[in-house]
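Colleague:
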Amino acid sequence: MSILIKGGTVIGPTGAALQDVLIDGETIAALYQPGKAPQIDQTIDATGKYVIPGAVDAHTHMELPFGGTHASDTFDTGTRAAAIGGTTTIVDFAVQRYGEVVQDGLAAWHGKADGNCHIDYAFHMILGGVDDDSLKAMDQLVATEGISSFKLFMAYPGVFYSDDGQILRAMQKARDNGAMIMMHAENGPAIDVLVKQALERGETDPIHHGLTRPQELEAEATSRAIWLASVAADCPLYIVHLSASKALEQVKAARDLGRNVFAETCPQYLYLTLEDQLGAPGFEGAKWVCSTPLRSKHETHRADLWQGLRTNDLSVVSTDHCPFCFKDQKELGLGDFSKIPNGIGSVEHRVDLLYQGVVDKKLSLARWVETIATTPARMFGLYPRKGIIAPGSDADIVLYDPNGRTRISVETHHMNMDHSAWEGWEIDGRVDTVLARGEVIVANGEYSGRAGRGKYLKRGLSDYLL
Numbered sequence: 017m018s019i020l021i022k023g024g025t026v027i028g029p030t031g032a033a034l035q036d037v038l039i040d041g042e043t044i045a046a047l048y049q050p051g052k053a054p055q056i057d058q059t060i061d062a063t064g065k066y067v068i069p070g071a072v073d074a075h076t077h078m079e080l081p082f083g084g085t086h087a088s089d090t091f092d093t094g095t096r097a098a099a100i101g102g103t104t105t106i107v108d109f110a111v112q113r114y115g116e117v118v119q120d121g122l123a124a125w126h127g128k129a130d131g132n133c134h135i136d137y138a139f140h141m142i143l144g145g146v147d148d149d150s151l152k153a154m155d156q157l158v159a160t161e162g163i164s165s166f167k168l169f170m171a172y173p174g175v176f177y178s179d180d181g182q183i184l185r186a187m188q189k190a191r192d193n194g195a196m197i198m199m200h201a202e203n204g205p206a207i208d209v210l211v212k213q214a215l216e217r218g219e220t221d222p223i224h225h226g227l228t229r230p231q232e233l234e235a236e237a238t239s240r241a242i243w244l245a246s247v248a249a250d251c252p253l254y255i256v257h258l259s260a261s262k263a264l265e266q267v268k269a270a271r272d273l274g275r276n277v278f279a280e281t282c283p284q285y286l287y288l289t290l291e292d293q294l295g296a297p298g299f300e301g302a303k304w305v306c307s308t309p310l311r312s313k314h315e316t317h318r319a320d321l322w323q324g325l326r327t328n329d330l331s332v333v334s335t336d337h338c339p340f341c342f343k344d345q346k347e348l349g350l351g352d353f354s355k356i357p358n359g360i361g362s363v364e365h366r367v368d369l370l371y372q373g374v375v376d377k378k379l380s381l382a383r384w385v386e387t388i389a390t391t392p393a394r395m396f397g398l399y400p401r402k403g404i405i406a407p408g409s410d411a412d413i414v415l416y417d418p419n420g421r422t423r424i425s426v427e428t429h430h431m432n433m434d435h436s437a438w439e440g441w442e443i444d445g446r447v448d449t450v451l452a453r454g455e456v457i458v459a460n461g462e463y464s465g466r467a468g469r470g471k472y473l474k475r476g477l478s479d480y481l482l
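Residue numbers (this note's numbering): 17 to 482.
1. Give a yes or no on contact between the stretch 261-271 and the stretch 292-301, applying the rule of three or more CB pairs nearer than 8 angstroms.
2. Hey, Met-431 and Thr-93 are a contact pair by Cβ (cut 8 angstroms); roughly how many whole angstroms apart?
3. What are the boundary residues of the beta strand (DSSP E) that Met-199 is part of?
4. Going by C-alpha to C-alpha distance, which of Ile-142, Ala-245 and Lys-189 sits closest to Val-175?
5. Considering only their Cβ atoms, is the gap separating Leu-398 from Tyr-137 smaller than 8 angstroms?
6. In angstroms with no decimal places, state the Cα-to-Cα distance between Pro-418 and Val-67.
7. May I have a chain-ordered list of the beta strand (DSSP E) segments no shorter than 3 residues that lie completely inside the stretch 203-278?
8. Considering only C-alpha positions, which residue in the set Leu-122, Lys-189 and Gln-182 is nearest to Gly-162?
9. Can you tell me whether Tyr-287 is buried or exposed, with buried defined as 16 or more other CB within 10 angstroms of its CB?
10. Hey, could you find the ends of the beta strand (DSSP E) Gly-28 is sitting in?
11. Could you give the distance in angstroms between the alpha-carbon of Leu-227 and the alpha-carbon of Leu-481?
12. Restricting to runs no shorter than 4 residues, where is the alpha helix (DSSP H) found entirely within the stretch 372-424?
13. If distances are taken between C-alpha atoms only, which option among Gly-420, Ala-459 and Gly-403 comes closest to Thr-105?
14. Ignoring anything shorter than 4 residues or poking outside the stretch 303-344, list the alpha helix (DSSP H) runs there in chain order.
15. Using CA coordinates, which residue listed in Asp-108, Gln-55, Gly-51 and Phe-342 is at the minimum distance from Glu-79?
16. Specify, as a first and last residue, the run of the alpha helix (DSSP H) that Val-118 falls within.
17. Taking just the CA atoms, how far does Pro-392 sit from Asn-193?
18. DSSP state of Pro-178, grouped into three classes?
19. Quick one, which of Gly-70, Ala-71, Leu-34 and Glu-42 has its alpha-carbon nearest Leu-53's?
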């Protein structure tokens with residue numbers, strides 16, 4: 017079936033153009049100057065709207081076991097919410113825990129996702145234990161499973177933590193097979209000391225989650241990861257959920273040297289703060305416990321992160337979507353902030369929240385599309401199938417209404433959460449229509465997609481590596 021999207025302004029990484037988009041089946045067939053397309057029976061009027069590629073969220077955690085519970089969004093509920101918010105592809109994290117076989121961890125995540133996703137999906141692989149077997153598995157996953165990125169943790173001793181020697185070995189393997197190493201860069205052993213000391217002083221409120229994870233320990237770990245990657249012959253390195261100015265300085269310095277170093281940030285670090293959210297009265301701040309933590313509004317973190325997005329020292333905005341309900345889940349940490357499950361739910365709101373950066377003149381339209389769609393697709397081997405409106409690409413397309421308005425609330429969101437980290441926020445823009453592989457799944461605020469229509473995507477290597 018053919019569809020013509022006409023009258024809209026197509027936004028791509030090179031800018032804006034008045035173009036009509038012809039869709040044939042699941043892919044984009046052609047782009048035309050206005051009025052030059054052939055007559056098509058089914059048309060969508062995009063007059064006054066931006067026509068952008070479906071967004072790619074390269075960092076989500078559906079159903080992740082953590083802190084004695086599980087992330088509250090399943091692949092069904094989470095990908096439905098993503099679709100409604102204009103995200104048409106996610107890259108989630110399969111998990112290998114200590115003592116497990118890497119392929120068994122991957123199979124478990126396929127079992128969670130298969131038949132349940134409303135949009136297309138792919139996987140990164142978390143390595144909870146680096147040894148000879150897992151290093152061999154890295155080669156196999158790159159060669160046959162379409163998994164070309166592996167996440168390691170410098171935090172969470174006893175859960176996911178890898179020491180420097182393990183990290184170096186994994187980096188050397190990635191350098192050989194072309195994969196990307198993704199790094200949770202915080203000095204976990206030092207953080208554990210600060211947490212223990214805070215609890216001994218009776219400092220148990222959620223704000224102490226942030227105070228015991230100071231930016232210096234993010235910067236130190238980021239720097240250490242960068243230098244370990246240098247020893248591994250400039251292994252490709254991607255710092256996840258970067259939140260702090262001093263960590264960004266480390267990334268910028270490496271990139272200025274031409275290194276294979278990249279980083280993402282998340283909406284929570286661009287807008288929310290230690291004092292206003294984590295420091296909310298009573299236990300309310302638990303809603304915003306995530307790692308890396310929210311940073312102080314009295315420092316320059318937010319301004320520096322926005323600047324990093326403009327200069328490309330920060331390449332991508334992902335969500336690190338890992339939601340937990342306040343009741344019975346976040347409440348596991350009542351009286352002990354270290355037991356609060358770490359995570360914020362934002363997969364439905366990333367497109368809108370970053371568009372507000374355009375309205376506020378912090379990002380250009382082209383850079384908005386790059387950070388939410390094109391660059392994550394290129395970074396993680398999904399381009400040009402995803403992330404661009406171009407002939408031959410999947411017809412994942414969002415019509416975005418700059419004259420619309422979005423009010424975020426637990427009463428209206430579609431994520432499986434009993435609260436919203438963005439309660440009451442209003443965005444000067446609105447997702448109007450969403451197509452996923454040529455099928456209209458959102459129109460006029462009504463969702464018509466279905467679980468099981470999303471396909472697993474085998475990824476290639478990153479476009480950004482020589």
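Glycine is no exception: its CB is placed at the ideal position from the N, C-alpha and C atoms. Computed from a prediction, not measured in an experiment: that's the story for all the values here.
Modeller: Here's the rundown:
1. Three or more Cβ pairs closer than 8 angstroms define a contact, and the stretch 261-271 falls short of that threshold against the stretch 292-301.
2. Working through the sequence shown from its first residue, we reach residue 431 at position 415. Working through the sequence shown from its first residue, we reach residue 93 at position 77. Contact between Met-431 and Thr-93 is confirmed by a C-beta separation of about 7 angstroms, below the 8 angstroms threshold.
3. The residue labelled residue 199 in the question sits at position 183 within the sequence shown. Looking at the DSSP string, the run of the beta strand (DSSP E) that includes Met-199 is 196-200.
4. To locate residue 175, count along the sequence shown from 1; it is residue 159. Of the listed residues, the one whose Cα sits closest to Val-175 is Ile-142.
5. For the purposes of this step, residue 137 is identified with residue 121 of the sequence shown, where counting begins at 1. For the purposes of this step, residue 398 is identified with residue 382 of the sequence shown, where counting begins at 1. Between Tyr-137 and Leu-398, the CB-CB gap reaches or exceeds 8 angstroms.
6. One-based indexing of the sequence shown puts residue 418 at position 402. One-based indexing of the sequence shown puts residue 67 at position 51. Cα-Cα distance, rounded: 11 angstroms.
7. Taking only runs of at least 3 residues, the beta strand (DSSP E) segments lying wholly in the stretch 203-278 are 253-255.
8. Residue numbering aside, residue 162 sits at position 146 when the sequence shown is read from its first letter. Closest by C-alpha distance to Gly-162, out of Leu-122, Lys-189 and Gln-182, is Leu-122.
9. Residue numbering aside, residue 287 sits at position 271 when the sequence shown is read from its first letter. Burial check for Tyr-287: the Cβ neighbour count within 10 Å reaches 16 or more, so the residue is buried.
10. Reading the sequence shown from its first residue, position 12 is the one you call residue 28. Its beta strand (DSSP E) spans residues 25-28.
11. The residue labelled residue 227 in the question sits at position 211 within the sequence shown. The residue labelled residue 481 in the question sits at position 465 within the sequence shown. In this structure, the straight-line span from the alpha carbon of Leu-227 to that of Leu-481 is close to 37 angstroms.
12. As far as the stretch 372-424 is concerned, its whole alpha helix (DSSP H) runs of at least 4 residues are 381-385 and 391-395.
13. Here residue 105 refers to the residue found at position 89 of the sequence shown. Closest by alpha carbon: Gly-403.
14. Entirely contained in the stretch 303-344, the alpha helix (DSSP H) runs reaching 4 residues are, in chain order, 317-327.
15. As a position in the sequence shown, residue 79 is number 63, starting the count at 1. Cα-wise, what sits closest to Glu-79 is Asp-108.
16. Taking the first residue of the sequence shown as position 1, residue 118 is located at position 102. Note, Val-118: alpha helix (DSSP H), 118-129.
17. As a working mapping, residue 193 is identified with position 177 in the sequence shown. As a working mapping, residue 392 is identified with position 376 in the sequence shown. Spanning the alpha carbons of Asn-193 and Pro-392 requires a straight line of approximately 20 angstroms.
18. Position 162 of the sequence shown, counted from the first residue, corresponds to residue 178. The sequence shown places Ser at residue 178, not Pro. Ser-178 falls in the coil class under three-state DSSP.
19. For the purposes of this step, residue 53 is taken as residue 37 along the sequence shown, with counting starting at 1. For the sequence presented, residue 53 should be read as Ala rather than Leu. Out of Gly-70, Ala-71, Leu-34 and Glu-42, the CA that lies nearest to the CA of Ala-53 is found in Leu-34.
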